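*Asks:*
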DNA sequence: GACGGTTACTTGAATTGTCAAGTACTGCTA
DNA sequence: TAGCAGTACTTGACAATTCAAGTAACCGTC
């Protein structure tokens with residue numbers, strides 16, 4: 003490791019602020035979802051992904067990639083969501099190793115009920131502060147960063 | 003709640019990508035720090051803040067604000083860091099309710115030893131992907147968002 | 001100078017997330 | 001078609017985090 007340059011002042015400032023955003027924004031979203039829907043942000047995201055998936059169903063591994071979580075984390079979560087009656091597991095017909103998570107009607111109703119409040123929160127905390135130009139800049143910045151982070155699922 | 007506009011396509015795309023960055027970037031930093039220093043990103047951040055504080059010491063509540071964590075979270079963490087000999091608690095001289103976290107020499111050595119690898123990782127994952135112009139844009143975007151998130155500690 | 005309300009922090013239980021195996025199936029190779 | 005590496009997912013133990021009290025000290029008022 004010979005690349006031990008420190009950060010410039012500009013980089014430091016940006017890094018501190020990005021750190022704060024990465025901590026506080028998810029926390030604020032979690033708070034709202036917990037209060038209004040007894041759901042984690044991750045839990046909501048997974049339900050939302052399922053509700054948009056063809057047949058409201060997806061393979062565990064696909065779903066984990068869509069939600070940027072580990073298979074283990076997803077498996078634990080799906081178990082909880084199953085207990086609450088929002089998701090059901092099925093064995094994959096084409097590959098006996100695989101599981102498919104299927105959104106139940108109750109699960110779909112939960113998403114429909116929860117989405118407006120959550121979207122309002124995202125708007126209030128994020129997009130209401132940004133100009134359309136800044137939204138485009140943010141998108142480009144995130145795209146650039148993601149290319150290094152090894153995630154390709156949402157770069158299309 | 004009458005503000006139930008959905009997000010525009012541009013906003014959706016940016017939101018998905020920002021979500022991915024907020025999930026994957028801290029995870030990647032945690033992985034490096036865990037592997038090389040057996041430290042959480044939060045744990046490192048707290049030690050780093052202490053090492054820059056006057057007298058390498060800070061009140062618990064100040065430190066919690068600097069690290070964007072709850073007092074409870076910080077209290078638990080400081081207990082662990084105390085066990086490992088990197089931090090020591092003292093009672094505040096001016097206010098008997100307060101505690102002061104003090105970085106020990108061993109703790110300072112730990113920061114000095116850990117920082118270069120961590121900075122290299124931040125560089126590799128974040129700043130190497132961005133132009134100076136984008137760093138400035140990111141800074142402005144984060145500043146705007148933080149003003150709504152109710153955090154003022156790093157807006158100076 | 002005692003009381004009530006507030007602030008600063010700590011604690012312990014419950015939840016959530018991670019890590020390291022474990023199980024079950026697939027598909028290649030010979 | 002038997003064996004074996006690899007894949008898909010699950011599980012259980014552990015660590016980190018949150019949440020809801022709890023403790024102790026401060027401060028303004030009477």
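Chains as they are written, first to last, in the numbering used here: chain Z, 3 to 158; chain A, 3 to 158.
Here a beta-carbon is modelled for each residue, glycine too, at the ideal position from N, C-alpha and C.
Keep in mind the model is a prediction, meaning the values are calculated, not measured.
1. Please go through the segment 58-106 of chain Z and give each complete beta strand (DSSP E) segment of 3 or more residues, from N-terminal end onward.
2. Considering only C-alpha positions, which residue in the set A:116, A:145, A:143 and A:142 is nearest to residue 37 of chain A?
3. Quick check: is the beta carbon of residue 145 of chain A nearer than 9 Å to any beta carbon in chain Z?
4. For the segment 98-113 of chain Z against the segment 47-57 of chain Z, are there 3 or more C-beta pairs whose distance is under 8 Å?
5. Answer yes or no: does any C-beta atom of chain A fall closer than 9 Å to that of residue 9 of chain Z?
6. By Cβ distance below 8 Å, which residues in the same chain neighbour residue 9 of chain A in space, the five residues on each side in sequence not counted?
7. Quick one: which chain A residues come within Cβ less than 7 Å of residue 13 of chain Z?
8. With a threshold of 8 Å, are at least 3 pairs of Cβ atoms found where one atom belongs to the segment 126-145 of chain A and the other to the segment 57-67 of chain A?
9. Taking only runs of the beta strand (DSSP E) that begin and end inside the segment 13-53 of chain A, which ones reach a length of at least 3 residues, in chain order?
10. Please classify residue 73 of chain A as buried or exposed, where buried requires at least 16 neighbouring CB atoms within 10 angstroms.
11. Beta-carbon of residue 45 of chain Z versus every beta-carbon of chain A: anything under 9 Å?
12. Round the Cβ separation of residue 27 of chain A and residue 127 of chain A to the nearest angstrom and send it over; I've been treating them as touching at under 8 Å.
13. List, in order along the chain, the chain A residues whose C-beta lies closer than 7 Å to that of residue 56 of chain Z?
14. Do residue 79 of chain A and residue 113 of chain A have their C-beta atoms closer together than 9 Å?
15. Taking DSSP as the reference, what is the three-state secondary structure of residue 131 of chain Z?
16. If you run the structure through DSSP and keep just helix, strand and coil, what is residue 140 of chain A?
17. Does chain A have any CB closer than 9 Å to the CB of residue 24 of chain Z?
18. In this structure, does DSSP put residue 108 of chain Z in helix, strand or coil?
19. Between residue 150 of chain Z and chain A, is the shortest Cβ-Cβ distance under 9 Å, so that the two count as touching?
20. Tell me, please, whether the CB atom of residue 140 of chain A is closer than 9 Å to any CB atom in chain Z?
21. Exposed or buried, which one is residue 5 of chain A when buried takes at least 16 other CB atoms within 10 Å?
22. Residue 30 of chain Z versus chain A: which residues are under 7 Å apart at the beta carbon?
23. Report yes or no: is there a C-beta of chain A within less than 9 Å of the C-beta of residue 16 of chain Z?
24. Return no unless some Cβ of chain A is closer than 9 Å to the Cβ of residue 125 of chain Z.
25. I'd like the list of long-range same chain contacts for residue 44 of chain A, defined as Cβ closer than 7 Å, with 5 residues on each side in sequence excluded.
26. Starting from the beta carbon of residue 19 of chain A, find every residue of chain Z whose beta carbon is closer than 7 Å, and list them in chain order.
27. Beta-carbon within less than 6 Å of residue 94 of chain Z's beta-carbon, same chain only, minus the 5 sequence neighbours each way: which residues are those?
28. Mind pulling the chain A residues with CB within less than 8 Å of residue 113 of chain Z?
*Replies:* Looking at the coordinates:
1. 59-61, 89-93 and 101-105
2. As a working note, residue 37 of chain A is residue 35 in the second chain. Out of A:116, A:145, A:143 and A:142, A:116 has the C-alpha closest to the C-alpha of residue 37 of chain A.
3. Indexing the second chain from 1 puts residue 145 of chain A at position 143. Yes - at least one Cβ of chain Z is within 9 Å of the one on residue 145 of chain A.
4. yes
5. As a first step, residue 9 of chain Z must be located in the first chain, where it is residue number 7. It does; some Cβ of chain A falls within 9 Å.
6. Along the second chain, read from residue 1 onward, the residue named residue 9 of chain A stands at position 7. Here the set comprises 17.
7. Here residue 13 of chain Z refers to the residue found at position 11 of the first chain. Going along chain A in sequence order, the residues near residue 13 of chain Z (Cβ under 7 Å) are 129 and 137.
8. no
9. none
10. Your numbering for residue 73 of chain A matches position 71 in the second chain. Label assigned to residue 73 of chain A: exposed.
11. In the first chain, residue 45 of chain Z corresponds to position 43, counting from 1. No, its Cβ sits nowhere closer than 9 Å to a Cβ of chain A.
12. On the second chain, residue 27 of chain A is found 25 positions in, with the first residue counted as 1. On the second chain, residue 127 of chain A is found 125 positions in, with the first residue counted as 1. Going by Cβ atoms, the distance from residue 27 of chain A to residue 127 of chain A rounds to 6 Å, so yes, they are a contact pair.
13. One-based indexing of the first chain puts residue 56 of chain Z at position 54. Per Cβ cutoff of 7 Å: no residues; residue 56 of chain Z is ~18 Å from chain A at best.
14. Position 77 of the second chain, counted from the first residue, corresponds to residue 79 of chain A. Position 111 of the second chain, counted from the first residue, corresponds to residue 113 of chain A. Contact: no.
15. Counting from one through the first chain, the residue named residue 131 of chain Z turns up at place 129. Of the three classes helix, strand and coil, the one that applies to residue 131 of chain Z here is helix, per DSSP.
16. Numbered from its first residue, the second chain carries residue 140 of chain A at position 138. Reduced to three states, the DSSP call for residue 140 of chain A is helix.
17. Locating residue 24 of chain Z in the first chain gives position 22, counting from the first residue. Interface residue, yes.
18. Here the question's residue 108 of chain Z lines up with position 106 in the first chain. Helix.
19. Within the first chain, residue 150 of chain Z is the residue found at index 148, counting from 1. For residue 150 of chain Z, the answer is yes, since a Cβ of chain A falls inside 9 Å of its Cβ.
20. Your numbering for residue 140 of chain A matches position 138 in the second chain. At least one chain Z Cβ lies under 9 Å of residue 140 of chain A.
21. Along the second chain, read from residue 1 onward, the residue named residue 5 of chain A stands at position 3. Low per-residue confidence applies at residue 5 of chain A: pLDDT is 49, beneath 50, and the placement is therefore not dependable, though the value from the model is reported in the following sentence. Exposed, by the Cβ-count rule.
22. The count along the first chain starts at 1 and reaches residue 30 of chain Z at position 28. Result: 151.
23. Along the first chain, read from residue 1 onward, the residue named residue 16 of chain Z stands at position 14. Residue 16 of chain Z counts as touching chain A.
24. Residue 125 of chain Z sits at position 123 when you count from the first residue of the first chain. Answer yes: the Cβ-Cβ gap between residue 125 of chain Z and chain A drops below 9 Å somewhere.
25. Residue numbering aside, residue 44 of chain A sits at position 42 when the second chain is read from its first letter. Excluding positions up to five away in sequence, the list reads 69, 71 and 79.
26. Locating residue 19 of chain A in the second chain gives position 17, counting from the first residue. Those are 141, 144, 145, 148 and 156, listed as they occur along chain Z.
27. By 1-based counting over the first chain, the position of residue 94 of chain Z is 92. Result list for residue 94 of chain Z: 100 and 102, in chain order.
28. As a working mapping, residue 113 of chain Z is identified with position 111 in the first chain. Near residue 113 of chain Z there are no residues of chain A at all, since even the closest Cβ is about 13 Å away, more than 8 Å.
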